[in-house]
Amino acid sequence: MTATATASTPQTGTILGHPKGLFVLFFTEMWERFSYYGMRSLLVLYMVNYLFVHPDVGQRVLGFTAVKAFIENLPWVKSLGPLAAQPLSSQIYGLYTGFVYFTPFLGGMLADRVLGQRKTVILGAILMAIGHFLMASEHLFFLALMFLIAGNGAFKPNISTQVGLLYPPGDPRRDGAFTIFYMGINLGAFFSPLVCGTLGQKVGWHYGFAAAGVGMVIGLCLSLWGNKHLAPDVLSQRKAAQKTAVKEKMTANEWQRVLVLILVCTLNIVFWGVYEQQGNVMQLWADKNTNWHFFGWEMPSTWYQAFNPLMIFAFAPLLSMVWVKQAKGGKEPSSVTKMGFGCLLLGISYIVMIVASRGMAPEVRRSVLWLVGTTVIITLGELYLSPVGLSFVTKIAPARMVSMLMGVWFLANFFGNYLTGYLGTFWEKIPHEQFFYLMTALGLGAGIAMLILSRPANGVIGAHDRGEGGA
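Under numbering that gives the first Met the number 0, the first residue of the sequence shown is numbered 0, with each subsequent residue one higher.
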């Protein structure tokens, strides 16, 4: 069995040199990310400025008292005492976005062993659509989050895996395909704050959440329509070959590659813990400490979250050209080295915020250019890590467990996003300048550790990092 699944897509032509299935996945993921980031752009502001400030919040929100008590009694939170609206919202944000990336591990196993990638993606889309529409009810807030978490777990690892399935091992188009796919992610992420964020802040919170639900329904319809253009699931390929995962023993090199992946994912926890502050305390900074007035009109602060995907469009093609040029000269960094650079850039980005917050009173508003400068560097760091990592998993993972290991990749996001929420509880307890120093130190530390890991990792992975190896 090859290290990555064999592509056997129906020959239905190509678009821009890639299988049509890539663009089905592109637009499906675009609408799913529209729904996710639209909801995320509003979530912390909704809790801090509306949902959790009502004196009767315990009666208005089903399960609020139990959830609050559970969080406040966590050993690492208990010392903070009773949580006010902001730190409580930060914890819930971290738990929600964390579990969004925990459940893909289970969703990957469900696809690999029971349903296959196609059916699991459809299941996830249905669950997420239900969750978005449940957000229209304040009473069902936590139930809505549970549907969104479960749906994302089924959807996310398997749509990424389907991209890799379109290409045979060694196909030089694979990394380019993930870059195109990543553009779809960010196209949805760009428009969602502009649509959902504006509706939520200017018209009503529930209008913004409903728009996210509509986006998810469109993504579901696209997925159902375009299934014929996708490669057969790994599960169906194994059944056709009359093989089962139980009969296929792991080789020594496969175990080593899995170990490398786990170590990389462990360091990625720190990256995501710092990166995801964009939806947490950085959104609060955008709302409370940034001047959004332009020519007499106040721009919604949620538009801040459109900066990052907009810059993805600008930088992704340029960075791809740089890597192609480096590859021709035999100087392209390995995947692990690229991810180390990504962590370093993330840490450097917060130096801009250190300067912006130095000696600043709590209610002072700074120019939006500070956020722009930080986001430029964050985006470069993200491009060195996130799409590279998705491609990395599909190249080095044994084919019979590729969705499960994609789930392991997202498991790092689980711990990282919870770390985001935990770190956010210090936002109101220490000066903002010190908070940004902490973010810088964490990013730089993870980058240095990743670069140290890269040399032994490259020795284990070898040709697999180029998608050329066999199991």
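In this text, a Cβ means the ideal position worked out from N, Cα and C, and glycines have one as well.
Around the beta-carbon of F101, 16 or more other beta-carbon atoms lie within 10 Å, marking it buried. Under the three-state reduction of DSSP, H205 is assigned to helix. Here DSSP, grouped into helix, strand and coil, assigns R39 to helix. Excluding its 5 nearest sequence neighbours in each direction, D286 has C-beta neighbours in its own chain below 7 Å: L44, S300, listed in chain order. Residues of the same chain with a CB within less than 8 Å of the CB of V216, apart from the 5 flanking positions on each side, are A128 in chain order. For T64, the three-state secondary structure derived from DSSP is helix. Close CB contacts of I70 within its chain, under the 8 Å cut and outside five residues either way in sequence, are with V76, L82, L87, Q90, I91, L94 (chain order). For the options G272, L368, V273, the alpha carbon positioned closest to that of N290 is the one of L368.
With a cutoff of 8 Å on beta-carbon distance, F25 and I179 are scored as near each other. Taking all protein chains in view, the Cβ of A360 is surrounded by fewer than 16 other Cβ atoms within 10 Å, so the residue is classified as exposed.
When DSSP states are grouped into helix, strand and coil, R365 belongs to the strand group.
In this structure, the CA atom of T250 is about 46 Å from the CA atom of L133.
Rounded to the nearest angstrom, the Cβ distance from Q161 to L229 is 6 Å, consistent with a contact under 8 Å. Looking at the DSSP output, P18 sits in a beta bridge with T13. DSSP places A355 inside the alpha helix (DSSP H), whose first and last residues are 334-356. Taking the Cα positions, L164 is about 8 Å away from P231. Listed as beta-bridge partners of T289 by DSSP are R365. Q282 counts as buried, since no fewer than 16 other beta carbons sit within 10 angstroms of its beta carbon. With fewer than 16 other Cβ atoms inside 10 Å of its own Cβ, M320 counts as exposed. Taking the Cβ atoms as the reference, H292 lies roughly 27 Å from A211, outside the contact range of under 8 Å. When N72, L114, R32, V269 are compared, the shortest CA-CA separation from V213 is found for R32.
Per the coordinates, the alpha-carbon of P397 lies some 30 Å from the alpha-carbon of L345. Ranked by Cα distance from T27, the options R117, G329, M352, E381 are led by R117.
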